[in-house]
Amino acid sequence: MNIFPAIDLYEKKAVRLYKGDYARMTVYSDDPASLGKAFADAGASFVHIVDLEGAKDGTTPNLDTVLAIKRASGLFCEVGGGVRSMEVIDRYLSSGIDRVILGTAAVTNEEFLVEAVRKYGERIAVGIDLSDGCVAIKGWTEKTEITADTFFSRMQSIGVGTIICTDISRDGAMMGTNRALYRALGEKYSMNIIASGGVSSISDVEALAEMKLYGAIIGKAYYTGDIDLRKAIEVAQK
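Residues in the sequence shown are numbered consecutively from 52, following the numbering used here.
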């Protein structure tokens, strides 16, 4: 299993939200590029970046910061948040970003998703954010009636190769990841599944690795020191 340490960007700073609430934001670094370098020094091969401002309004206000993280770290870099046009995808991928994540757009504009997958294949991932078993969009501010199974089935039929699944109720809450959810999804679908939200201990990493998931995102637990990144990578790769 691959470990994806996370950097959430807001006003060019590395921050974390509590359960997706923008009003409950903690700033962890004014220098996100140095964080990327620290991830690489700890043995990481990947970094997961979300532009939280872009997630709300569909713009790319932190593009320069994203590219600075890529340059400083040299890691495989996947980026999401506000990617709602081919122009934005083209800009990220032509600038050296390795994979772009479609979130809201994958739910609201299937034609766009199909076009992106057709053009870029494995360089397109989809992010699904779940609230009470249903998909949430627009930076987690709007809940739909689309169930997880309905969404996953549709993504697999379209040919999406990688899907990042976040349980909003666990994100940033340090209460453990939703193991039952990821076990069920991993057994049912053939896509590369990345678990996100609530990965807060080495035992979480061990449990997800045993499920043979493609990846797990570590966010707040890295910043609080509850998970040692180097140890998590070692455990995940056993």
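For glycine and all other residues, C-beta sits at the position ideal for the given N, C-alpha and C.
At the level of alpha carbons, what is the spacing between residue i and residue j?
| i | j | result |
| --- | --- | --- |
| Asn113 | Val256 | 29 Å |
| Ala65 | Gly276 | 16 Å |
| Val139 | Asp102 | 13 Å |
| Ser204 | Tyr240 | 8 Å |
| Glu196 | Ile245 | 22 Å |
| Thr217 | Ala231 | 13 Å |
| Ala89 | Pro56 | 10 Å |
| Ile268 | Ser85 | 19 Å |
| Tyr61 | Ile54 | 23 Å |
| Ser96 | Phe127 | 6 Å |
| Lys194 | Ser124 | 35 Å |
May I ask you to list the residues that DSSP assigns as paired with residue i?
| i | result |
| --- | --- |
| Ile175 | Val151 |
| Val186 | Leu181 |
| Asp59 | Val66, Val101 |
| Gly266 | Asn53, Ile245 |
| Thr198 | Cys185 |
| Glu161 | Paired residue(s): none; Glu161 is not in a bridge. |
| Thr217 | Asp180, Ser247 |
| Glu193 | Ile188 |
Can you tell me whether residue i is buried or exposed, with buried defined as 16 or more other CB within 10 angstroms of its CB?
| i | result |
| --- | --- |
| Asp180 | buried |
| Met52 | buried |
| Thr228 | buried |
| Met242 | buried |
| Ser251 | buried |
| Ser208 | exposed |
| Thr155 | buried |
Which complete alpha helix (DSSP H) runs does the stretch 64-143 hold, if anything under 4 residues is left out? Every alpha helix (DSSP H) stretch that sits fully inside the stretch 64-143 and reaches 4 residues is listed by chain position as 83-92, 103-108, 114-124.
Any contact between the stretch 71-85 and the stretch 137-157? By contact I mean 3 or more CB pairs, one from each, below 8 Å. As far as the Cβ criterion goes, the stretch 71-85 does not touch the stretch 137-157, which means the pair count is below three.
Give a yes or no on contact between the stretch 125-135 and the stretch 92-102, applying the rule of three or more CB pairs nearer than 8 Å. Put simply, the stretch 125-135 touches the stretch 92-102. At least three CB pairs are less than 8 Å apart.
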